[in-house]
Each structure stands twice: as structure tokens, then as C-alpha cells.
Amino acid sequence: MGLIVQKFGGTSVATAEKIRAAAQRAVAAKRDGHHVVMVVSARGKKTDELLTLAAELTDAPPRREMDMLLSTGEQESVALMSMAIQELGEPAISLTGGQIGIITDSQHSKARIRQISIERMRRHLADGTIVVACGFQGVDDEGNITTLGRGGSDTTATALAAVLKADECQIYTDVEGVFTTDPRIVKGARKINTVSHDEMLELASLGAGVMHSRSIEFAKKFDVPLRVRPSFSDGLGTLIAPHGEEHAPVVTGLALVRKESRVTLADLPDRPGVMSVIFAKLAHRKIPVDMVVQNVGTDDTAEVSFTVPEDDLAATLTAAQDAIQELGAGSVHSGTNVAKLSAVGDGMRSHSGVAAQMFRSLADAGVNIEMITTSDIKISVLVNRDDADKSLQTVHAGFGLDQADARTPSIGYRQSPSVPTTEGSLESQVVGSLANMEDLVVSDVDLDERQSRISIHHIPDTPGVCADLFEAVAEGDVMVDMIVQNISRQGSAEVSFTVLRDDIDRCLLLVREVVSQWEGAELSYDREIDKLTVTGIGLRSHTGVGEMLFRALADADVNVQMINTSEVRLSVVVGADRGQQAAASLHTAFARSDEQ
Ligand code: ADP
Ligand code: ASP
Ligand code: MG
1 MGLIVQKFGG TSVATAEKIR AAAQRAVAAK RDGHHVVMVV SARGKKTDEL
51 LTLAAELTDA PPRREMDMLL STGEQESVAL MSMAIQELGE PAISLTGGQI
101 GIITDSQHSK ARIRQISIER MRRHLADGTI VVACGFQGVD DEGNITTLGR
151 GGSDTTATAL AAVLKADECQ IYTDVEGVFT TDPRIVKGAR KINTVSHDEM
201 LELASLGAGV MHSRSIEFAK KFDVPLRVRP SFSDGLGTLI APHGEEHAPV
251 VTGLALVRKE SRVTLADLPD RPGVMSVIFA KLAHRKIPVD MVVQNVGTDD
301 TAEVSFTVPE DDLAATLTAA QDAIQELGAG SVHSGTNVAK LSAVGDGMRS
351 HSGVAAQMFR SLADAGVNIE MITTSDIKIS VLVNRDDADK SLQTVHAGFG
401 LDQADARTPS IGYRQSPSVP TTEGSLESQV VGSLANMEDL VVSDVDLDER
451 QSRISIHHIP DTPGVCADLF EAVAEGDVMV DMIVQNISRQ GSAEVSFTVL
501 RDDIDRCLLL VREVVSQWEG AELSYDREID KLTVTGIGLR SHTGVGEMLF
551 RALADADVNV QMINTSEVRL SVVVGADRGQ QAAASLHTAF ARSDEQ
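For the sequence shown, my numbering begins at 1 and goes up steadily by one.
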């Protein structure tokens with residue numbers, strides 16, 4: 001006899017008929033001899049309706065009261081579900097987050113789970129009762145109701161599966177499984193049979209709404225066997241597992257965030273510690289920052305641009321003003337007419353030319369790229385929001401994701417020597433020592449002393465330039481590692497990327513030829529830079545990581561030249577003479593944070 005957690009999303013419990021169908025699944029699993037825990041979301045659009053209702057009363061609803069309100073949606077669902085199961089002849093009991101003992105911190109509307117008691121659930125399960133748990137909610141130490149963030153029922157489900165050591169956590173939803181991209185936007189999107197934890201973590205965090213990204217953190221940390229399945233058919237859905245399919249395509253999927261905003265802090269003093277002040281202010285307000293690009297100005301001033309979800313823009317601008325006040329210099333600029341498109345795939349670790357392929361597809365569709373950042377398994381670009389759907393369609397087709405065998409023949413193949421793989425055993429040691437279930441996991445700090453950097457300034461701001469550049473590099477079989485690009489406020493683009501020191505001369509030859517066609521463009525390079533990589537789980541969504549990193553490096557008087565963020569890896573480029581010292585200070589900073 002095994003233990004199964006079954007989670008049903010809003011559309012899968014929208015009507016009495018659908019509730020009955022979900023109840024039948026739980027009953028069938030029970031009659032197959034399993035213990036069953038159900039996790040249920042609010043029915044249909046209930047959460048949205050409650051949000052609208054509150055907005056009719058106030059522009060700034062108190063967050064505690066908002067959680068009190070939103071949690072009622074799930075309470076309604078569990079009661080109805082328990083009735084439906086009992087009607088089918090099996091014992092069931094509905095429980096709120098508080099009744100189960102899901103203890104969270106007090107961050108209303110984005111609370112993180114600290115602990116979950118299993119006694120009550122175990123007792124009911126031992127009696128043969130189906131436990132029907134409210135998704136999305138918990139209580140803090142004072143007993144206040146908290147919620148985990150939109151889509152958070154997935155996280156409740158994987159967290160319960162983790163503490164109960166379930167044999168499988170099944171996420172029932174309104175699509176056949178995880179697709180190469182949102183099937184509602186791209187008709188040719190295909191279902192993926194197996195996706196790796198890292199890929200799903202990135203896809204979810206970069207906007208693939210099918211799973212709450214924090215649920216994948218649990219699945220990865222606590223080895224929860226996880227499957228996304230259709231609630232309307234018997235399809236097998238998608239397995240989310242430590243590794244994806246063997247012979248999987250280089251790019252697994254694409255994600256889009258339509259409502260992203262870009263913020264630039266300009267005219268900043270150019271000295272260590274400046275970034276640390278900015279990121280501390282953002283972390284203080286729990287703002288998840290993505291796509292960070294720093295430009296060193298020509299006149300001893302520095303500039304940093306980053307993206308945040310549009311919902312966090314107002315808080316971000318306040319934080320940015322605070323930072324500028326503390327620094328005594330700087331100006332803040334922002335733009336909202338942008339969307340973020342990301343390509344994700346474990347295969348990118350070892351293939352060259354993926355970025356070039358993505359940039360070419362966009363260029364062919366006449367889309368201008370406003371910003372680029374990469375990490376080892378993802379590439380993100382910022383485009384005009386009006387181009388969002390077109391960009392998604394064209395990149396999806398460009399990677400051949402709508403085809404049965406999506407391996408794109410034009411992408412060169414080469415094993416990357418520079419990227420360390422995650423140390424599984426180290427990671428489980430770190431997880432084993434966590435004080436709270438949802439604490440950040442940092443498992444390694446790696447120093448790579450084999451990299452060099454090439455930068456090109458004053459590039460024309462027109463579609464196709466990055467495609468030409470990175471195509472030339474890929475055709476020369478040079479493996480590019482980090483890429484950052486941004487458009488300066490003066491209207492020209494700047495791009496920097498890293499390549500192995502052994503490849504730099506070959507790469508410069510290729511790059512010079514392309515750059516010579518662009519009037520006014522300037523090439524600079526650094527033969528020896530060091531790259532530091534912090535590996536872990538939840539590095540971007542735990543908003544304090546950037547702050548810790550910048551603080552540690554500022555304390556060691558190390559200037560950060562480039563930065564790339566992702567959920568599982570955070571990389572920075574520093575001067576070659578500073579690498580050892582920077583690595584030592586990161587080790588100390590992150591080891592200290594583990595002990596807290
Ligand atoms: P639930 O209410 O079951 O939690 P959600 O609406 O949260 O369902 O998630 C399912 C939706 O996610 C789908 O209807 C689909 O439109 C959207 N979606 C976005 N990206 C993807 C993807 N890569 N694969 C599948 N569905 C996706
Ligand atoms: N009902 C919540 C929401 O709509 C939680 C969830 O559905 O997962 O966001
Ligand atoms: Mg959902």
C-alpha cells in the first residue's frame with residue numbers, strides 16, 4: 001500500500017460535476033489500496049473574484065485581511081470535495097492549512113512554509129479516511145491565516161508529499177501535462193513526457209504558469225516523485241524528475257512573462273558596494289529581481305538595469321529611490337512596455353549556437369531585442385510587449401519545438417568543460433540541515449579561472465545584430481558561456497560575453513569581422529577574468545541571495561563586472577586577480593547563512 005497526494009486546480013473543481021469526477025479519482029486510488037491525501041484549490045475564478053471584490057472597496061487592501069479573504073476559496077472547495085467523497089461511500093475529512101498544522105512565516109500573500117505536522121494527517125489516513133486539504137494556505141506562529149502566493153496549491157501539494165514521503169504527487173490540471181510552451185498561446189506546442197527538476201524550476205519561475213515554481217523546489221529538495229496530469233482524461237501527463245529524457249532536444253521549452261518591467265539606475269558612483277546597497281533595498285521589500293545587466297559608464301559612473309514583475313514595479317521604484325538617497329547620487333528610469341521571453345533546456349549546457357538560433361528567429365520576425373541575459377540552462381530576452389506573442393511563436397518554430405523530433409540540426413554540438421554539475425550528495429546534506437522546509441539551499445561555490453570576456457559597445461540598436469554576432473561565433477565552434485546585452489539610454493546596444501581563454505583569439509577573429517561592419521562600434525576584451533558560480537535551489541525567488549552576494553563581494557572590495565541569475569545558479573564575473581578572494585568571501589557568507 002502506498003501514499004498518493006492528488007492536487008486539483010481551480011478549473012478541475014469548478015462545478016459539482018467536476019468535483020464529483022475529482023472525488024472519483026481519489027476514491028479509485030483508495031480502492032486500489034492507497035492512502036490518499038487530496039489538495040484542492042479554490043473553484044474556477046473564485047480567487048480572482050475575491051480580489052476584484054476587495055479592489056472595489058479599497059486600493060490598498062491590508063495584506064492580512066486579504067489572506068483571510070482569499071483562503072475562503074479553498075475552504076469552500078475542500079468541504080464540497082469531502083461531501084462528494086462521502087457520497088461515493090468512502091470516509092473523508094476536510095482540513096484547513098491551520099488544522100493540518102502548516103506553519104508559515106508572516107509574509108502575507110507570499111508566505112513560506114516553515115514546518116508541517118503530520119500527526120493528524122497520519123491518524124486519519126491510518127483510519128482509512130481520505131484527507132482533503134486546503135491548498136495555498138497556512139498559519140503563522142500567531143495563528144494568522146497566510147497564503148503562499150498565486151498558484152500556491154501546487155506548493156502545498158508537493159510540501160505535503162515531501163513530509164508524508166508520498167509515493168507520488170499527482171497535479172491534476174486542465175491541460176494534458178507540461179507543454180513546450182503555453183498551448184493556449186502557441187497551437188503547435190507539444191506535451192513533454194519527462195522534464196527535469198532544473199528545467200521545470202526555471203520554466204515555472206520564468207512564467208510557465210502550469211506549476212508554481214516553489215513546488216518544484218520542494219520536489220527537487222525532497223525527492224518528491226511529481227507528475228502533472230490532465231483531470232479530464234486518463235493521459236499519463238508529464239513526469240518531473242531529476243533528469244529529463246535521454247536524447248531530449250537541446251531546448252525543452254519556452255516561457256513568457258507578458259507583464260515584466262525594466263528599471264534602470266543610472267549615474268551611480270562606480271565603486272564596490274553600490275550594487276549591495278541597491279539589492280539590499282530590493283530584498284528588504286521581497287522583490288524578485290531578474291535579468292540584471294550592469295554597464296560601466298565612460299565618465300566614472302555606473303549603471304544597472306534589471307527586470308521585475310510589473311506588479312512589483314511601484315515597490316521597486318520606492319526601493320530604488322531609497323538606494324539613491326543612501327548613495328547620494330543616481331537617477332531612476334523605468335519602462336513597462338516590455339515582455340520577457342525565455343528558452344530553457346538542460347541541453348544548453350553542452351551545445352553551442354542555441355543563443356544564435358534564438359536571436360536569428362527573432363531577427364527574421366523583425367523583433368528587436370532590448371536586453372539579453374543567460375544562465376547555463378536558459379536564455380532570456382526582453383522584447384517590446386506588442387511583439388510578445390509573435391516572438392513566442394517564432395522562437396518556438398525556430399527551435400523546431402512543434403516537431404516530433406525537435407533536435408535542431410543547425411545547432412552545433414560541443415561538450416562544455418566549464419560548467420560544474422550539481423553535487424547531489426552535498427545538496428542532500430544541506431537540505432538535511434535546514435531549519436525550515438522552504439529555506440534557501442546553497443550547495444556549492446565554484447571558481448572558474450579559465451574564462452575571458454569580450455565586450456562590444458555602441459552596436460546599432462536594430463534587429464539582427466546579435467544574431468549576426470553569435471552566429472559567426474557559433475559557426476567558428478566557439479562555446480559562449482554568459483551573455484549580457486542592454487540598450488543604453490543613449491539608444492545604442494552594448495553586449496558582453498565570456499568564452500574560454502583558450503578560445504579568445506579565435507573568437508576575436510570571428511567577432512572583429514562582424515563588428516567591422518557596424519559604424520562606431522568598439523570592441524574591448526579582457527583575456528583573463530574569473531567566474532564565480534553559486535549553486536543551489538531557489539536562488540532567484542529567495543530574494544535575499546543577490547543582496548548576500550553583493551554584500552560579501554563589497555566587503556572583500558571586489559567589483560562585479562557581469563552577473564547572471566537563475567533559480568539553480570548565480571554567476572558573477574570579477575577581475576582575474578580577485579577571484580580567489582571573492583570565492584573565499586562567498587564561501588564564508590553562504591556557509592554562515594546555512595547556520596542561521
Ligand atoms: P490549475 O488551476 O490546475 O492550477 P493553472 O491555470 O494554474 O491550472 O495552470 C494550467 C495552465 O497553465 C494551462 O491552462 C495553460 O494555459 C498554462 N500554461 C502555461 N505554460 C504552460 C506549459 N508550458 N505547459 C502547460 N500549460 C501551460
Ligand atoms: N486559489 C489560488 C490561486 O488562484 C491558489 C491556486 O489555485 O493554486 O492562485
Ligand atoms: Mg495552478
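We put the CB at the ideal spot given by N, CA and C, even for glycine.
Where His396 is concerned, the enclosing alpha helix (DSSP H) starts and stops at Ala388 to Gly398. Exclusion of the five residues before and after Leu69 leaves Leu50 and Ala54 as the residues of its chain whose Cβ lies within less than 7 Å of its Cβ. Taking the CA atoms as reference points, Arg190 sits about 38 Å from Glu547.
Counting along the chain, the unbroken beta strand (DSSP E) around Gly138 starts and ends at Gln137 to Val139. Cβ neighbours of Arg578 within its own chain (closer than 6 Å, five residues either side excluded): Val558.
Arg214 sits close to Thr155, with the two beta carbons spaced by under 9 Å. With fewer than 16 other Cβ atoms inside 10 Å of its own Cβ, Lys165 counts as exposed.
Look at Met83: its beta carbon is at least 8 Å from all of the heavy atoms in the ligand MG. Val27 sits away from Val5, with the two beta carbons spaced by 9 Å or more.
Within the region 251–308, the runs of beta strand (DSSP E) at least 3 residues long that lie entirely inside it are, in chain order, 253–269 and 290–296. Exclusion of the five residues before and after Asp526 leaves Ser452 and Arg453 as the residues of its chain whose Cβ lies within less than 7 Å of its Cβ. The Cβ-Cβ distance between Asp322 and Lys281 falls below 9 Å.
Ala582 sits buried, since 16 or more C-beta atoms from the chains shown fall within 10 Å of its C-beta. Listed in chain order, the alpha helix (DSSP H) elements of length 4 or more contained wholly in the region 439–482 are 465–475. Pairwise C-beta distances place the region 130–148 in contact with the region 101–115, as three or more of them are shorter than 8 Å. Collapsing the DSSP output to three states places Val545 in a helix. Pairwise C-beta distances place the region 351–367 in contact with the region 386–398, as three or more of them are shorter than 8 Å. Assigned with DSSP and collapsed to three states, Arg489 falls in coil, not helix or strand.
Near the ligand MG, meaning a Cβ closer than 6 Å to any of its heavy atoms, lie the following residues in chain order: Gly9, Gly151 and Asp154.
Setting aside the 5 residues that flank it on each side, Arg501 is surrounded in the same chain by Arg450, Gln451, Ser452, Arg527 and Glu528, each with a C-beta closer than 8 Å to its C-beta; the list follows chain order. The beta carbon of Ser331 lies closer than 8 Å to those of Leu265, Ala266, Asp267 and Ile324 in the same chain, with the five residues before and after it left out. Val445 has its Cβ no nearer than 8 Å to any heavy atom of the ligand ADP.
With 16 or more other Cβ atoms from the protein chains shown falling within 10 Å of its own Cβ, Ser342 counts as buried. In the structure shown, the three-state DSSP call for His124 is helix. In its chain, beyond the 5 residues on either side, Ala356, Phe359, Arg360 and Ala363 have a beta carbon closer than 7 Å to the beta carbon of Ala467.
Per DSSP, reduced to three states, the secondary structure at Val515 is helical. In this structure the region 206–220 lies against the region 252–265, because at least three pairs of beta carbons, one per stretch, are closer than 8 Å. Taking a C-beta distance under 9 Å as the contact criterion, Gly237 and Gly151 do not qualify as a contact pair. DSSP, read as helix, strand or coil, puts Ser380 in strand. Restricting attention to Thr146, Thr147, Gly149 and Gln170, the CA atom closest to the CA of Ala157 is found in Gln170.
Take the alpha-carbon of Met1 and the one of Val292: they are about 49 Å apart. Distances between the C-beta of Ala208 and the heavy atoms of the ligand ASP are all 8 Å or more. With a cutoff of 9 Å on beta-carbon distance, Gly101 and Gln115 are scored as near each other.
Comparing C-alpha distances from Ala22 to each of Asp48, Val163 and Thr173 shows the shortest one belongs to Thr173. Per the coordinates, the alpha-carbon of Thr52 lies some 18 Å from the alpha-carbon of Phe136. For a cut-off of 8 Å, the C-beta gap from Glu245 to Ile377 is around 15 Å, too long to register as a contact.
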